[in-house]
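Each residue of the sequence shown is one higher than the one before, starting from 83 at the first, in this note's numbering.
Every residue gets a Cβ at the ideal spot worked out from N, C-alpha and C, and that includes glycine.
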Amino acid sequence: MAGTTPPSGTRPSTPRPLGPTAPMRPRTTTDRVTPPRPPDTDVVMDCAVYVDGQRHEVDDRHTALQQASELGGFVWLGLYAPTEAELGTIAGRYGLHPLAVEDAVYAHQRPKLEPYDDGLFMVLKTATYVEHDRLTATSEVVDTGEVMVFLGAHHVITVRHGDHGALRGLRRELEEQRDLLALGPAAVLYALCDHVVDSFVDVAAAVEEDVDELEQSVFGDERRDDIGRLYQLKRELMSLRRAVSPLEVPLQKLAERQLDVVPDQMRSYFRDVEDHAIRVRDQVNALDELLTSILQASLARTSLADNEDMRKISAWAGLIAVPTAVAGIYGMNFHWMPELGWKWSYPVVLGVIATICVLLYRGFRRNGWL
83 MAGTTPPSGT RPSTPRPLGP TAPMRPRTTT DRVTPPRPPD TDVVMDCAVY
133 VDGQRHEVDD RHTALQQASE LGGFVWLGLY APTEAELGTI AGRYGLHPLA
183 VEDAVYAHQR PKLEPYDDGL FMVLKTATYV EHDRLTATSE VVDTGEVMVF
233 LGAHHVITVR HGDHGALRGL RRELEEQRDL LALGPAAVLY ALCDHVVDSF
283 VDVAAAVEED VDELEQSVFG DERRDDIGRL YQLKRELMSL RRAVSPLEVP
333 LQKLAERQLD VVPDQMRSYF RDVEDHAIRV RDQVNALDEL LTSILQASLA
383 RTSLADNEDM RKISAWAGLI AVPTAVAGIY GMNFHWMPEL GWKWSYPVVL
433 GVIATICVLL YRGFRRNGWL
């Protein structure tokens with residue numbers, strides 16, 4: 083009835099248009115847009131139909147889904163940084179949800195898994211290690227990108243953002259495992275998750291080498307200012323943590339929940355990937371805690387070195403104060419001062435000054451001030 087309010091905790095059912103006519107939320111000034119793909123690069127990186135694990139080339143990309151449905155297989159469409167118009171056209175053909183399409187276009191999402199109608203939408207963060215000769219306060223260590231996956235009964239669409247994370251090698255490797263690929267689109271999602279998590283393992287191992295190098299530098303004999311490098315590596319490690327930590331929940335859902343597009347025999351595969359992701363997460367957390375300890379140790383060593391410098395300055399100031407005080411007293415030029423007429427007064431005063439300075443110097447050295 084018009085004007086009635088839906089019960090608390092429910093959402094009103096409204097039709098959701100699909101395709102290029104689907105409404106998109108207006109972008110605000112805070113939205114981050116991924117850089118455009120290189121010129122002369124096709125948005126479709128690869129498109130093929132797979133039936134019983136066997137690849138079949140498609141004559142027309144527009145009819146690939148129909149061909150896959152008729153053959154009882156699925157189409158794997160790989161996209162690279164599509165625009166809103168390009169992905170909107172594909173969304174209308176494959177029936178993709180507009181909210182998921184919006185996330186795939188604008189990217190910069192955290193890893194997640196969302197069910198839409200009879201399909202799934204998953205976001206994965208990719209990471210790669212940036213090689214560098216020496217870690218500095220401005221070095222880039224971890225570069226991240228994103229891969230979005232639309233999963234349906236007869237299609238899997240991968241949307242890649244970022245210069246790295248190409249999936250052609252993964253596709254070739256998966257095509258050689260026909261038994262796995264025959265399990266359907268979920269096999270592609272598993273292979274992609276496994277590939278991403280394996281890359282996290284490599285990045286974490288490379289970052290660990292940088293951490294070891296910094297640790298040796300901080301506790302080495304040579305005094306260095308490593309605070310800037312420590313903060314930079316900690317910041318870069320945070321990028322890796324943002325890619326790894328949120329991935330546990332989506333993988334747990336794939337391994338434990340009943341999902342129409344994920345066969346039961348695929349759950350053990352996702353459970354294995356989840357176990358690897360947890361181990362990488364623990365490794366990243368351990369590296370972060372180690373960096374925090376190294377940073378605190380570096381600050382403590384810097385503070386200790388400053389204290390040592392202040393003690394040395396204070397000790398030398400004490401040594402200089404003795405001749406300064408004696409010379410100041412005898413430089414006042416009063417007529418009646420003791421021993422002014424004695425011929426040994428000058429060498430005696432110098433001897434007293436030297437004796438006091440030597441005693442002070444030995445005392446400071448014995449106490450570690452000099």
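Using a Cβ-Cβ cut-off of 8 angstroms (strictly less than) and excluding sequence neighbours within five positions of residue i, which residues of its own chain qualify?
i: residue 217; result: 223, 292, 295, 296, 311, 314, 315
i: residue 379; result: 300, 301
i: residue 267; result: 156, 158, 233, 234, 235, 236, 237, 238, 343
i: residue 352; result: 272, 275, 333, 336, 337, 344
i: residue 244; result: 116, 208, 225, 226, 227, 228
i: residue 215; result: none
Rounded to the nearest angstrom, how far is the Cβ of residue i from that of residue j, given a contact under 8 angstroms?
i: residue 140; j: residue 149; result: 6 angstroms
i: residue 226; j: residue 208; result: 7 angstroms
i: residue 153; j: residue 237; result: Rounded, the Cβ-Cβ distance is 13 angstroms, inconsistent with contact.
i: residue 242; j: residue 249; result: 7 angstroms
i: residue 213; j: residue 187; result: Actually they do not touch by this definition, with Cβ atoms about 31 angstroms apart.
i: residue 228; j: residue 205; result: 7 angstroms
Alpha carbon to alpha carbon, how far is residue i from residue j?
i: residue 431; j: residue 449; result: 27 angstroms
i: residue 240; j: residue 320; result: 26 angstroms
i: residue 383; j: residue 393; result: 15 angstroms
i: residue 108; j: residue 183; result: Confidence at residue 108 is low in this model, with a pLDDT of 45, below 50, so the placement of that residue is unreliable and no value is reported for it.
i: residue 328; j: residue 366; result: 13 angstroms
i: residue 262; j: residue 235; result: 16 angstroms
i: residue 436; j: residue 405; result: 8 angstroms
i: residue 162; j: residue 173; result: 15 angstroms
i: residue 387; j: residue 358; result: 43 angstroms
i: residue 282; j: residue 210; result: 8 angstroms
i: residue 401; j: residue 426; result: 24 angstroms
i: residue 179; j: residue 364; result: 35 angstroms
i: residue 442; j: residue 289; result: 50 angstroms
i: residue 127; j: residue 284; result: 25 angstroms
i: residue 369; j: residue 318; result: 12 angstroms
i: residue 360; j: residue 196; result: 20 angstroms
i: residue 112; j: residue 279; result: Low local confidence applies: a pLDDT of 37 at residue 112 is under 50, so the model's placement there is unreliable, and no value is given.
i: residue 440; j: residue 286; result: 57 angstroms
i: residue 171; j: residue 202; result: 19 angstroms
i: residue 177; j: residue 340; result: 22 angstroms
i: residue 326; j: residue 131; result: 31 angstroms
i: residue 434; j: residue 413; result: 16 angstroms
i: residue 371; j: residue 308; result: 17 angstroms
Which residues share a DSSP beta bridge with residue i?
i: residue 213; result: Paired residues: none, contrary to the question.
i: residue 220; result: Beta-bridge pairing links residue 220 to no other residue.
i: residue 232; result: 203, 239
i: residue 194; result: 205
i: residue 156; result: 132
i: residue 125; result: None, per the DSSP bridge assignment.
i: residue 161; result: 126, 241
Classify residue i as helix, strand or coil using the three-state DSSP reduction.
i: residue 252; result: helix
i: residue 189; result: coil
i: residue 328; result: helix
i: residue 401; result: helix
i: residue 408; result: helix
i: residue 323; result: helix
i: residue 227; result: strand
i: residue 137; result: strand
i: residue 341; result: coil
i: residue 452; result: coil
i: residue 371; result: helix
i: residue 264; result: coil
i: residue 352; result: helix
i: residue 441; result: helix
Counting only beta-carbon atoms, is residue i nearer than 8 angstroms to chain C?
i: residue 310; result: You won't find chain C in this structure, because it holds only one protein chain.
Suppose the cutoff is 7 angstroms on Cβ atoms and the five residues either side in sequence are ignored; what does the same chain contact list for residue i look like?
i: residue 356; result: 330, 333, 334, 337
i: residue 446; result: 397, 452
i: residue 264; result: 134, 135
i: residue 444; result: none
Considering only residues of the same chain and omitting the five flanking positions on each side of residue i, which have a CB-CB separation below 6 angstroms?
i: residue 106; result: For residue 106, the pLDDT reaches just 46, beneath the cut-off of 50, and the residue's location in the model is therefore unreliable, although a value from the coordinates is still provided. 184.
i: residue 275; result: 355
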